[in-house]
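This report concerns only the one structure given below.
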Amino acid sequence: MFTDSVELTVSSGKGGQGCVAFRREKFVLNGGPNGGDGGKGGDVYFKCDNNTHTLSHFQRKMHIKADGGKPGEGSNCTGKSGGKKVIIVPPGTQIIDQETGDVLFDMTVNGQEEKFIQGGKGGLGNTHFKSPTNQRPTYAQPGEKGETRSIKLDLKLIADIGLVGFPNVGKSTLISTVSNARPEIANYEFTTLTPKLGQVNIGDYESFVMADIPGIIGGAHEGKGLGIQFLRHIERTKILLYMVDLGNYRELKEQIEVLKDEIASFSEILGKSKFAIALTRVDVIPPDEIEALVNGFLELLGLEKSYTNEFNFDANMPFYVQDSASDELGFDIEKPYLVAPISSPTHKNIEALKHALFNLVQTDRT
Numbered sequence: 002m003f004t005d006s007v008e009l010t011v012s013s014g015k016g017g018q019g020c021v022a023f024r025r026e027k028f029v030l031n032g033g034p035n036g037g038d039g040g041k042g043g044d045v046y047f048k049c050d051n052n053t054h055t056l057s058h059f060q061r062k063m064h065i066k067a068d069g070g071k072p073g074e075g076s077n078c079t080g081k082s083g084g085k086k087v088i089i090v091p092p093g094t095q096i097i098d099q100e101t102g103d104v105l106f107d108m109t110v111n112g113q114e115e116k117f118i119q120g121g122k123g124g125l126g127n128t129h130f131k132s133p134t135n136q137r138p139t140y141a142q143p144g145e146k147g148e149t150r151s152i153k154l155d156l157k158l159i160a161d162i163g164l165v166g167f168p169n170v171g172k173s174t175l176i177s178t179v180s181n182a183r184p185e186i187a188n189y190e191f192t193t194l195t196p197k198l199g200q201v202n203i204g205d206y207e208s209f210v211m212a213d214i215p216g217i218i219g220g221a222h223e224g225k226g227l228g229i230q231f232l233r234h235i236e237r238t239k240i241l242l243y244m245v246d247l248g249n250y251r252e253l254k255e256q257i258e259v260l261k262d263e264i265a266s267f268s269e270i271l272g273k274s275k276f277a278i279a280l281t282r283v284d285v286i287p288p289d290e291i292e293a294l295v296n297g298f299l300e301l302l303g304l305e306k307s308y309t310n311e312f313n314f315d316a317n318m319p320f321y322v323q324d325s326a327s328d329e330l331g332f333d334i335e336k337p338y339l340v341a342p343i344s345s346p347t348h349k350n351i352e353a354l355k356h357a358l359f360n361l362v363q364t365d366r367t
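Residue numbers (our numbering): 2 to 367.
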């Protein structure tokens, strides 16, 4: 089960009780107090682990507690401290204070470990309270209580490329074709009910991560369809790939305008991110109609067909790729980096799309 938001109560360990004890040995008179201190309560840490991809393992753990410290013992023996409690979360998890709504930690890097709350101190044993006027103290401190916090864990997937499109336009088919992800694919809308991540390999040593989220419809930023429940999973992606279906009953203009409006309405920053456009399902369009459809779409965007073909797109189909930087800052983010017709089932232009997207990812990483 995919779970991307849970509420938890987390408690650090209580400190151990200090000990009241006195030295009693043969031939030792008036040995005095020797009660040891209680052990320290366990701390609570959060750790980011790439091997975890969901928060579902927290579903039945509504209250997580660290171990308490052990009581002190005689002969000035300190009690054993409680072991630290490490809570494992997937990359992209935000730890949010439920009372204030503040983001306490943003776990984004594998191996990142953050101390959340500290365990209570162990109580002092009676050996600390001896004095010339109190040579036989019978008092020891109780351990300090641990701290308890109510928090919310929110998972926002981390990916290089986020797929955006209406339901049933080929997002799941594309990610299953180019990556190791295996989402459910069917011929009806909202087949994808949970986000999926896939690693796209480019050669032996290079790769990027692609995220597939459930389909977007008009009004998604207001909660329609699956709404903002999954739109937030592309907040961390700096590059969007808009999937526009050539065979859809919706006009191409309607698809791209609604998608871009929904993204901008959900997040102003995301709406200004770099983007590319894939025109899907060319396999269901008669070959003599594809050129007119694609050229008409390029005219709608104010673009002209590309003649440079460094990524080896099918020369029989019109396409557009930015072939040079608009300024020193990089590619013109007001325009799509590329517009290309593709077909995932027949692998038409898929390899070219992979390499073009990887080139865009590299420009964003530098």
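Yeah, the Cβ is synthetic: ideal placement off N, Cα and C, and Gly gets one too.
Could you spell out the range, first to last residue, of the alpha helix (DSSP H) harbouring S173?
172-179
Going along the chain, which residues of its own chain have a beta-carbon closer than 6 Å to the beta-carbon of L227, five neighbours each way excluded?
Residue placement at L227 is flagged as unreliable, the pLDDT there being 48, under the threshold of 50; the coordinate-derived value follows with that caveat. Excluding positions up to five away in sequence, the list reads P215.
Can you round the beta-carbon distance between I89 and D44 to whole angstroms, since I take them to be within the 8 Å contact cut?
About 15 Å; that fails the 8 Å criterion.
Could you say which of Q200, P196, K157 lies nearest to T178 if we only look at CA atoms?
Q200
Look up C78 in the DSSP assignment and give the residues it is bridged to.
E74
Kindly confirm or deny that the segment 85-99 and the segment 31-47 touch, where touching means at least three C-beta pairs closer than 8 Å.
yes
For N77, which residues from the same chain have a beta carbon less than 8 Å from its beta carbon, with the 5 sequence-adjacent residues on both sides left out?
N35, G36, G37, G126, T128
The beta strand (DSSP E) with V340 in it runs from where to where?
339-342
Leaving out five residues on either side along the sequence, give the residues of the same chain with a beta carbon under 8 Å from the beta carbon of H9.
For clarity, residue 9 is Leu in the given sequence; the question names His instead. Closer than 8 Å at the Cβ level, and outside the excluded window around L9, lie F59, K62, M63, H64, I65, S151, I152, K153, L154.
Pick from L175, Q363, D289, S268: whose alpha carbon is nearest that of N317?
D289
Please confirm whether I118 and G163 have their CB atoms less than 8 Å apart.
no
Identify every run of the alpha helix (DSSP H) within the segment 93-121, keeping only runs that are complete inside it and at least 4 residues long; order them along the chain.
none
Can you tell me the Cα-Cα spacing of I176 and L280, whole angstroms?
15 Å
With DSSP run on the structure shown, which of helix, strand or coil describes S151?
strand
Suppose only complete runs of 4+ residues qualify. What are the alpha helix (DSSP H) ranges in the segment 234-288, listed by chain order?
253-267, 269-272
Return yes when the Cβ of G93 is within less than 8 Å of the Cβ of K15, no when it is not.
no
Same chain, Cβ closer than 8 Å to T139, five either side skipped, listed in chain order
V21, N127
What number of angstroms, rounded off, separates the C-alpha of S173 from the C-alpha of G166?
11 Å
Between which residues of its own chain and S274 is the CB-CB distance below 8 Å, once the five residues before and five after are set aside?
T238, K239, I240, L241, I334
Give me the Cα-Cα distance between K116 and K48, rounded to the nearest whole angstrom.
9 Å
Opposing strand residues paired with I89 [DSSP bridges]:
K48
Is the separation between the beta-carbon of G147 and that of G80 shorter than 8 Å?
no
If we count the other Cβ atoms within 10 Å of its Cβ and call it buried at 16 or more, is E145 buried or exposed?
buried
Residue range of the beta strand (DSSP E) that A212 falls in?
207-213
For L56 and D5, believed in contact at Cβ under 8 Å, the rounded distance
6 Å
Buried/exposed call for S13, threshold 16 Cβ in 10 Å:
buried
Span of the beta strand (DSSP E) holding L9?
6-12
Could you tell me which residues DSSP pairs with H64 in its beta bridges?
T10
How many Å lie between P168 and S82 at the Cα?
54 Å
Are R282 and G120 close, meaning C-beta to C-beta below 8 Å?
no
Would you identify the three-state DSSP class for K349, choosing helix, strand or coil?
strand
Where S132 falls, given that 16 or more other Cβ within 10 Å makes a residue buried
exposed
Reduced DSSP secondary structure (H/G/I, E/B, other) of E329
For E329, the predicted model reports a pLDDT of 45, less than 50, meaning its position is unreliable and no value from the coordinates is stated.
Here's the rule: buried if 16 or more other CB atoms are within 10 angstroms of the residue's CB, otherwise exposed. What is N52?
exposed
Use the C-beta contact count for I96: other C-beta atoms within 10 angstroms, 16 or more gives buried, fewer gives exposed.
buried
For the beta strand (DSSP E) holding Q136, just list the boundary residues, first then last.
Q136 -> no beta strand (DSSP E), and no H or E assigned at all.
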